[in-house]
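What follows is a set of notes on a single structure, which appears directly below.
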Amino acid sequence: MIYDYRLDPWNNVLDIHNISGERHQIPTTSPFTVRLLEVPQKTEPTSLSVTCNGTAMTEVAATPEQGQFFPDYRANVTGDPNWNRGELLFNAEDAGKTITVSYRGMGTLIDSRLPDQLQIPFTGSQQADRETNLSTAPNSWDSQEGSSPKGSSHKKKPIYGGKFRRHRGIPAGTYSLREILQKLINLSSSTEFVRTVRECDCNCSDGCSDDTGP
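Counting from 2, one number per residue, gives the positions in the sequence shown under the numbering used here.
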């Protein structure tokens, strides 16, 4: 779940949330970095805990070796000792491993993960289910009702028809931005109406479609 940076600027107070059990997988290719869901608060001693298969990893302030991690708040790249964006660097020997992280979260920075982090509650579709009968069978269909008589000796011949149904759309719920957009794409379609012209060689003047001859 995405949250804003929780700083009260008038009182200069951070609303810290204790976060535990956050799981990530270290990438299998360089750079071997993990971005936490929130920005961790830098504390001394550290309140950032990373474990792998139940074994604690060690926080360092330089290029990490196997079993170590280097949080960006110790890089001091801006000259601000408290600056960070919640990124952890790991050694290549730990690539592909799953880690569990606990920390004191200060809020979330907006980045490319927004479509997956932004959770929005939606009401359900207001469109009602509808159904109409067709006088002829459709050229293609999604399902079938009833069954055709079986066996060459069966006297009854099937009469094919069709139904056109409109179903209610997306149900109510809380979806990420990516989920709701994908659901809309999955339900999207376009309709094409085609006028067809054919010749008739009968002698009727009533516009019949019998083209078997005079």
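Every residue gets a Cβ at the ideal spot worked out from N, C-alpha and C, and that includes glycine.
**OP:** Out of Tyr161, Thr109 and Ile100, state which residue places its alpha-carbon closest to the alpha-carbon of Gln26.
**Re:** Ile100
Subject >> Minimum C-alpha distance to Ser136 - residue among Pro41, Tyr161 and Ile186 >> reply: Tyr161
Original post:
Would you say Phe70 and Val78 are within 9 Å of each other, going by their C-beta atoms?
Top reply: no
Original post:
What's the call for Asp5, buried or exposed, on a 16-neighbour Cβ count within 10 Å?
Top reply: exposed
Original post:
Looking only at its own chain, which residues have a Cβ that is under 6 Å from the Cβ of Val216, when we skip the five neighbours before and after it?
Top reply: For residue 216 there is no data in the structure shown, the boundaries of the chain being 2 and 215.
**OP:** Report yes or no: is there a C-beta of chain B within less than 9 Å of the C-beta of Ser148?
**Re:** In the structure shown, chain B cannot be found, because there is only a single protein chain.
**OP:** Please look up how many angstroms separate the CB atoms of Arg167 and Arg196, rounded, as I've assumed it's under 8 Å.
**Re:** With a Cβ gap of about 24 Å, Arg167 and Arg196 do not count as contacting.
**OP:** Would you mind sorting Val40 into buried or exposed? The rule is 16 or more other CB atoms within 10 Å of its CB.
**Re:** buried
**OP:** Give, in chain order, every unbroken run of the beta strand (DSSP E) that is at least 3 residues long and sits entirely within the region 74-158.
**Re:** 88-91, 99-106, 120-123 and 131-135
Original post:
Closest to Pro122 by CA distance: which of Phe165, Gln145 and Ile181 is it?
Top reply: Ile181
Subject >> Whole-angstrom C-beta distance between Glu88 and Asp73, which should lie under 8 Å >> reply: 4 Å
Original post:
Among all the DSSP beta bridges, which residues are the ones paired with Asp9?
Top reply: Val14
Original post:
Going by the CB atoms, is the gap between Leu8 and Gly108 shorter than 9 Å?
Top reply: yes
**OP:** Please name the residue or residues paired with Pro41 in a DSSP beta bridge.
**Re:** Gly106
**OP:** Figure out for me which residue from Leu119, Asn12, Tyr104 and Ser21 has the closest Cα to the Cα of Ser177.
**Re:** Leu119
Original post:
Between the C-alpha atoms of Gly68 and Arg179, what's the straight-line distance to the nearest angstrom?
Top reply: 34 Å
Subject >> Rounded Cβ spacing between Ala96 and Pro28 (contact assumed at less than 8 Å) >> reply: 7 Å
Original post:
By DSSP, does Gln183 sit in helix, in strand, or in coil?
Top reply: helix
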